[in-house]
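Protein sequences appear in the order of chains A and B.
Numbering-wise (our numbering), the first sequence opens with residue 13 and increments by one.
Numbering-wise (our numbering), the second sequence opens with residue 1440 and increments by one.
Using N, Cα and C, we set each Cβ at its ideal position, and we do this for glycine too.
Report on one structure; see the data block that follows.
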Amino acid sequence: MLEREVAKRVFAQEYRESNLTFKESDDQYSPLYLLTPTGAKCNRVFITGTLTEKEDIGATAEHWRARVADPTGVFTIYAGQYQPEAAQMLSAIELPQFVAVVGKTNTYDTGEGIITSIRPESIQVIDAETRDRWILETAKHTLERIATLGSDDPDAIKAREHYSPDLERYKQMVLQALKSIGKGQVPEEETEEDKAEKVGFEVMDLSKA
Amino acid sequence: MVKDIAEELKSRFSEMGLDVPLEDIKSKLDELINKFRVPVDEAKRSVVSQYLKESNIPRSKFYGEDASLVKVGDISSEGRWVSLKAKVVQLWPSESDSIAQAGLIGDETGAIKFVNWAKSARPLVEEGKSYIFKNVVTDSWQGRFQVNFNKNTDIQEIEEDIEVGSSVEDVTGAIVDIQSGSGLIKRCESCNRVLIKGSCGEHGKVEGKYDLRVKAVIDDGKIVRDAILNREITEKLTGITLDMAKKMAEEALDPSKVIDTITEQLMGSYFNVKGPRVGRYILVETMEKVAPISDEEIQGTIAMAEGL
């Protein structure tokens, strides 16, 4: 029996900056992993955020592209005929709305770089409390990865060698996410979304090219 | 190649006091391997078991020692020969004539279903007593692991009273999947099996009785478990009673209306579940939605980040 892959928790900024994929064996059923700069080995992810955009980009059949923003950036989501439940959800859902997405990591090589996206297994509308809990949880998991990136864990070694990550930047990313849900804090999401928007347009252009 | 294997088998047989003509072994192997194109290992196994059966020698004697002693919690694949030191926690009413006895046995790492098939004619065990179960075979049935007794299973009662780990697991995580077979289901009246398309695996087409359950996947980003919610827990958590579920399905003319409603309620949200663990399953005893995060939690994590 194949073990189910754990859904990793990664912020949008880190997910977007990931570009290393690998398999652990030559077996055709062996899962494909995306390794993030802080060493999260992702085949499945669980993310939450605000659904800010959706578009049916399919020529004949429905093929939805959607954007889900967290306090650090934007996830791009593609749902086509092989993700019927998610596609149906996207066609019915109204914007903007907090959503939780469970899905598989997906990458696309443009020739000039790797674009990461998510193939959703499910999309569900959630409340703000659940979104906040996800931010806290993802912050903790990211901090744990940052703290153990110097260890001899194989994923940590691989991430170090491939990305030589600027850990201070990722620490700031976590702090920024945490402060966006802190009590009495003015949400910084607006400015963050602006920033994310810019990055987002790049991606859209590339995928159209 | 056939000749080498035949010689190897002949010498192994003669070590056990069994005199088998080399030509016999060779022709049997040759037929299986070259005529029927059976894989070599399978052919070997087939020939060995034929001779063992004829002369009533237990397989364990031919293959050497007993299967290694493992803990219930370590069983994670099917088709493996293992030995267990465990206590009979529960005996179940027999589901069919082909099963002499079935129930749960457990050690400090958890409990697992066992099946004592009538045809292997193993001695019956008693609830509450502890035994060494040598040479049982792991199997899975409807996604759960179990162990089956067979002719080579050796059951010895032991003095020691094995402490059965309730192995209550406590997981807080997000619900990342509601699996099919959740919601309004039908079970066989005689054996309680879940009906598939109105049919019971044991009793065929039956009327069946309605039940409500949820198979939810809970994931905390590090581990993932299948949480099984029985009717009582499902009703309490979702507010949908069995009667309401039946009405929902009737009105929508679609039994999947119930699973859709449950999915909407649970998917993507955070819960704490507690209950005994059986393999990768948690038989949920309590399930609660996680409280909203507190400012202390945020400040604590901010301090953690700044301390790095």
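Under a three-way DSSP split, which group does residue i fall into?
i	result
Val-1576 of chain B	strand
Glu-1646 of chain B	coil
Asp-1734 of chain B	helix
Arg-145 of chain A	helix
Gln-1489 of chain B	helix
Thr-1548 of chain B	coil
Ala-1691 of chain B	helix
Gln-188 of chain A	helix
Lys-1654 of chain B	strand
Phe-110 of chain A	strand
Arg-56 of chain A	strand
Lys-1568 of chain B	coil
Gly-1622 of chain B	strand
Lys-152 of chain A	helix
Lys-1728 of chain B	strand
Glu-133 of chain A	strand
Leu-161 of chain A	coil
Ser-1494 of chain B	helix
Val-22 of chain A	coil
Ser-1450 of chain B	helix
Pro-1790 of chain B	Here chain B comprises residues numbered 1440 to 1747, so residue 1790 of chain B is not present and cannot be evaluated.
Ala-104 of chain A	helix
Phe-1584 of chain B	strand
Alpha carbon to alpha carbon, how far is residue i from residue j?
i	j	result
Lys-53 of chain A	Asp-167 of chain A	7 Å
Pro-43 of chain A	Gly-115 of chain A	13 Å
Gly-1637 of chain B	Ser-1619 of chain B	15 Å
Arg-28 of chain A	Tyr-45 of chain A	15 Å
Ile-1635 of chain B	Arg-1652 of chain B	15 Å
Val-1610 of chain B	Tyr-1720 of chain B	12 Å
Lys-1442 of chain B	Lys-1465 of chain B	6 Å
Val-198 of chain A	Gln-1529 of chain B	Legend: pLDDT at Val-198 of chain A = 46, less than 50; position of this residue unreliable, no value from coordinates given.
Gln-1489 of chain B	Pro-1478 of chain B	17 Å
Asn-1473 of chain B	Ala-1482 of chain B	10 Å
Ala-1560 of chain B	Gly-1456 of chain B	26 Å
Thr-160 of chain A	Thr-48 of chain A	14 Å
Val-186 of chain A	Arg-21 of chain A	12 Å
Glu-1599 of chain B	Thr-1592 of chain B	20 Å
Ser-1695 of chain B	Asp-1682 of chain B	15 Å
Glu-1689 of chain B	Val-1486 of chain B	57 Å
Leu-1471 of chain B	Ile-1624 of chain B	46 Å
Gln-100 of chain A	Asp-178 of chain A	40 Å
Glu-200 of chain A	Gln-184 of chain A	Summary for Glu-200 of chain A: the model assigns pLDDT 47, below 50, so the residue's position carries little reliability, and this model does not support an answer.
Leu-1747 of chain B	Gly-1678 of chain B	44 Å
Ser-1569 of chain B	Glu-15 of chain A	31 Å
Asp-1469 of chain B	Asp-1480 of chain B	13 Å
Glu-1674 of chain B	Gly-1622 of chain B	10 Å
Arg-77 of chain A	Ala-24 of chain A	16 Å
Gln-40 of chain A	Glu-156 of chain A	32 Å
Asn-55 of chain A	Asp-1658 of chain B	14 Å
Tyr-120 of chain A	Ser-30 of chain A	12 Å
Lys-1728 of chain B	Val-137 of chain A	16 Å
Taking Cβ-Cβ distances shorter than 9 Å, what residues in chain A pair up with residue i?
i	result
Ile-1662 of chain B	Val-18
Asp-1658 of chain B	Arg-16, Val-18, Ala-19, Arg-56, Phe-58, Val-114
Can you list the residues of chain A that residue i reaches, using a CB-CB cut of under 7 Å?
i	result
Val-1615 of chain B	Ala-19, Phe-58, Val-114
Ser-1708 of chain B	Ile-138, Thr-142
Leu-1747 of chain B	Leu-155, Ile-158, Ala-159, Lys-183
Quick one: list the residues of chain A neighbouring residue i, beta-carbon separation under 8 Å, in chain order.
i	result
Asp-1513 of chain B	Result: empty, since nearest Cβ-Cβ is about 14 Å, beyond 8 Å.
Give the interface partners of residue i over in chain B, defined as CB-CB distance under 9 Å, in chain order.
i	result
Gly-194 of chain A	Asp-1734, Ile-1737, Gln-1738, Ile-1741
Ser-134 of chain A	Val-1615, Asp-1616, Ile-1617, Thr-1702, Met-1706, Gly-1707
Ala-171 of chain A	The premise fails here: Ala-171 of chain A is roughly 16 Å from chain B at the closest Cβ pair, so nothing lies under 9 Å.
Could you work out which residues of chain B lie near residue i, taking near to mean beta carbons separated by less than 7 Å?
i	result
Glu-124 of chain A	Correct list: empty, because the minimum Cβ distance to chain B is about 32 Å.
Glu-149 of chain A	Gly-1660
Lys-152 of chain A	Thr-1740
Leu-187 of chain A	Ile-1741, Ala-1744
Using a C-beta to C-beta distance shorter than 8 Å, which residues of chain B count as neighbours of residue i?
i	result
Leu-190 of chain A	Ile-1737, Thr-1740, Ile-1741, Ala-1744
Arg-145 of chain A	Tyr-1709, Val-1729, Pro-1731, Ile-1732
### Task
Would you check if there are 3 or more beta carbon pairs closer than 8 Å linking the region 1614-1623 of chain B to the region 1650-1667 of chain B?
yes
#### Entry: Members of the region 1711-1743 of chain B that neighbour chain A once the beta carbon cut-off is set at 7 Å
Val-1729, Pro-1731, Ile-1732, Asp-1734, Glu-1736, Ile-1737, Thr-1740, Ile-1741, Met-1743
### Query
Using 8 Å as the threshold, is the region 1547-1561 of chain B in touch with the region 1573-1590 of chain B, meaning 3 or more CB pairs across them?
yes
### Query
Looking at C-beta atoms only, is the number of pairs between the region 58-77 of chain A and the region 105-122 of chain A that lie closer than 8 Å three or more?
yes
### Task
Give the residues from the region 1645-1656 of chain B that approach chain A closer than 8 Å (Cβ to any Cβ), ordered along the chain.
Val-1656
### Three CB pairs or more closer than 8 Å across the region 118-134 of chain A and the region 86-102 of chain A
yes
### Query
Three or more beta-carbon pairs under 8 Å between the region 1504-1514 of chain B and the region 1563-1582 of chain B, yes or no?
yes
#### Entry: Touch test, the region 149-165 of chain A against the region 1736-1743 of chain B, Cβ-Cβ under 8 Å, three pairs minimum
yes
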